[in-house]
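Chains as they are written, first to last, in the numbering used here: chain U, 1 to 74; chain S, 1 to 368.
The beta carbon of each residue, even a glycine, is placed where N, CA and C say it ideally should be.
Here the structure is a predicted model, which means the values were calculated and not measured.
The block underneath contains the structure these notes are about, expressed in structure tokens.
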Amino acid sequence: MCLAIPMRVTEIEGNLGHVESAGIKMTIALDLVDDVRPGDFVIVHAGFAITRLSAEEAEENLAFLQRLSETESP
Amino acid sequence: VNERLKEQAQTLLRRLEAWNGKPLTFMEVCGTHTVSAARSGLHASLPRHIKLISGPGCPVCVTHVGYIDHAIALAGHQGITIATFGDLMRVPGSSRANESPSSLVQAQAKGADIRVVYSAMEALKMAEKTKPKEVVFLSVGFETTTPTIASTILLAAAQNIENLSVLTANKTIINALKLLGTSTENRIDGFLCPGHVSVIIGADAYRELPEQNAIACAIAGFEPIEMLRAIVALTEQIADQQPAVVNCYEGAVRAEGNPRARELMNRVFESCDSEWRGLGRIPESGLKLRRQYRRFDAAYRFDVSIPDPEEPVGCRCGEVLRGLITPQQCSLFGKGCTPEAPRGACMVSSEGSCAAHYHYAGNRSRRL
């Protein structure tokens with residue numbers, strides 16, 4: 001349930017951020033993080049960004065999730 | 001898996017093979033770790049004298065039977081819509097001989113208005129749209145999730161939304177770890193600390209475990225290789241006789257965590273004792289709404305009668321959650337209890353130990 005996914009911020013409107021990852025687009029709340037800018041990666045959990053992520057960490061994490069979804073899903 | 005990762009894994013495993021002290025038991029407390037380890041065959045890859053067990057890392061699995069009963073009672077209340085994370089839908093409440101539903105999905109089949117949402121914010125939007133119908137959001141989760149619920153309640157307060165409330169069973173991880181770490185029934189040498197909970201509480205939050213109880217801690221990312229790195233970090237702390245908190249998920253976790261998220265959480269919630277499935281009542285291990293937000297508390301707002309909770313007969317989730325038995329050692333596993341017809345919470349949630357073992361049974365002998 002604490003599954004959270006790194007997504008890239010494409011646009012910011014007030015305290016809402018438009019984010020995307022692998023073709024999935026979402027609008028999330030930015031209330032829990034400071035100083036997020038378009039282009040940043042954030043970890044998204046239950047509709048909120050819970051932290052910013054280094055680009056390197058984001059890539060590793062996404063590759064992992066990709067592999068999870070390639071095999072049989074539980 | 002690419003060659004570079006395979007090589008790294010071999011190097012890390014050789015370092016573990018080199019350990020020649022007492023047998024070690026490490027516990028992970030994160031549903032995503034449970035799934036990642038079961039799926040990748042991490043358990044079978046570890047040397048014989050190093051064991052990785054699963055603890056109470058899935059908030060759905062530790063949600064008490066009485067809470068589910070309370071939610072079902074609210075769902076039966078006229079004019080209430082229940083909004084919940086999907087994971088909770090099939091978690092068994094008390095099993096009763098009569099016709100009353102024992103899970104939310106059964107209550108829904110009998111006509112209760114129960115909707116699955118992805119976030120607390122969605123429940124708030126639902127309340128705005130269906131005013132004045134009451135919407136009760138089932139507020140479960142560890143520190144990863146609770147700030148998102150706090151933020152939603154603050155918004156509801158600011159917008160004077162009066163028909164939204166929450167039923168709280170939010171948990172905090174540290175005191176549960178202390179209880180497990182000092183328990184005599186299962187000697188745990190170190191914790192593989194949960195990645196996303198740590199994003200919020202920070203690496204420093206675990207410090208009392210090594211400092212007061214000499215338990216090693218390492219915060220791990222979710223790749224099997226990242227978990228392996230953390231296991232090596234734990235083993236080396238023990239070899240050096242210097243238990244500490246090692247952060248192996250540095251890109252996301254800072255020493256101080258996310259202070260802003262914690263500030264919002266603390267504005268709305270305060271610490272309380274909490275009932276854990278399988279672990280019992282743990283002091284200061286839960287969160288309840290502060291007095292000034294009591295109007296958002298569904299338990300305070302709606303007077304429903306809830307019969308005494310009854311645990312499912314034969315279910316050994318409690319021992320699984322404490323790491324005392326493996327899921328396969330429960331006589332219901334795969335027979336009376338499957339993901340399609342679960343008896344215990346650990347089989348319901350896709351991140352539960354039993355479900356992970358069930359789905360990836362074929363991977364048990366596989367190696368990284």
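Query                                                                                                                           : Result
Interface partners of S:Val-199 on chain U, CB under 7 Å                                                                        : Ile-43, Ile-50, Thr-51
Within chain C, the residues that S:Gly-251 reaches when beta carbons sit closer than 7 Å                                       : You won't find chain C in this structure, because its protein chains are U and S.
Of the listed residues S:Glu-275, S:Ala-37, S:Ser-183, nearest to S:Pro-283 (C-alpha basis)                                     : S:Glu-275
Near-chain U residues of the segment 180-212 of chain S (beta-carbon distance less than 7 Å), N- to C-terminal order            : Pro-194, His-196, Val-197, Val-199, Ile-200
The segment 17-32 of chain U: positions lying closer than 9 Å to chain S by Cβ                                                  : Ile-28, Ala-29, Asp-31, Leu-32
Proximity below 8 Å, CB of S:Arg-254 to CB of S:Gly-202                                                                         : yes
Assigned secondary structure, S:Cys-248 (DSSP; H/G/I helix, E/B strand, else coil)                                              : coil
Partner residues on chain U for S:Ser-119, Cβ-Cβ distance less than 8 Å                                                         : Ala-46, Gly-47, Phe-48
Endpoints, the beta strand (DSSP E) within which S:Ile-225 is located                                                           : Premise fails: S:Ile-225 lies in the alpha helix (DSSP H), 224-239, not in any beta strand (DSSP E).
Beta carbon proximity, S:Ser-353 to chain U, threshold 8 Å                                                                      : no
Assumed close pair U:Ala-4, U:Ile-43 - CB separation to whole angstroms, cut-off 8 Å                                            : 5 Å
Those residues which DSSP pairs with S:Arg-115 across a bridge                                                                  : S:Ala-83
Alpha carbon of U:Gly-17 to alpha carbon of U:Thr-10, nearest angstrom                                                          : 8 Å
Touching by the beta-carbon criterion (3+ pairs, under 8 Å), the segment 210-217 of chain S and the segment 242-256 of chain S  : yes
Any chain S beta carbon closer than 8 Å to U:Pro-74                                                                             : Caution applies to U:Pro-74, whose pLDDT of 37 falls short of 50 and renders its modelled position unreliable; the value that the coordinates give is listed next. True, the Cβ-Cβ gap to chain S drops below 8 Å.
For S:Ala-9 and S:Ile-376, the rounded distance between their alpha carbons                                                     : Since the first residue shown for chain S is 1 and the last is 368, residue 376 of chain S is missing from the structure and cannot be characterised.
Cβ-based neighbour list, S:Pro-23, same chain, cut-off 6 Å, excluding 5 preceding and 5 following                               : His-49
Inter-stretch contact at 8 Å, needing at least 3 Cβ pairs: the segment 310-325 of chain S / the segment 103-123 of chain S      : no
S:Val-136 - partner residues in DSSP beta bridges                                                                               : S:Ile-82, S:Ser-165
CB contact below 8 Å: U:Glu-35 versus chain S                                                                                   : According to the sequence provided, residue 35 of chain U is Asp. The question's Glu does not apply to it. No, no contact with chain S.
Listed by chain order, chain U residues near S:Asn-247 by CB distance under 7 Å                                                 : Residues of chain U passing the Cβ test: none, with the nearest at roughly 12 Å.
Span separating the alpha-carbon of S:Phe-222 from that of U:Ser-21                                                             : 18 Å
Beta-carbon contacts of S:Cys-337 that lie in its chain and below 8 Å, excluding the five residues immediately before and after : Cys-315, Cys-330, Arg-343, Gly-344, Met-347, Cys-354
8 Å Cβ cutoff met for S:Thr-63 and S:Val-140                                                                                    : yes
Element boundaries [beta strand (DSSP E), containing S:Ala-355]                                                                 : Unbroken run through S:Ala-355 is the alpha helix (DSSP H), 353-359; no beta strand (DSSP E).
Contacting positions in the segment 136-163 of chain S - beta carbon closer than 7 Å to chain U                                 : Gly-141, Phe-142, Thr-144, Thr-145, Pro-147, Thr-148, Ser-151
Through-space distance from S:Ala-127 to S:His-357, alpha-carbon basis                                                          : 39 Å
Burial state of S:Gly-190 (16 or more Cβ within 10 Å)                                                                           : buried
Proximity test, Cβ basis, 8 Å: S:Thr-32 and chain U                                                                             : yes
Buried or exposed by the 16-neighbour rule on C-beta atoms within 10 Å, applied to S:Thr-370                                    : For chain S, the structure presents residues 1 to 368; residue 370 of chain S sits outside this window and is missing.
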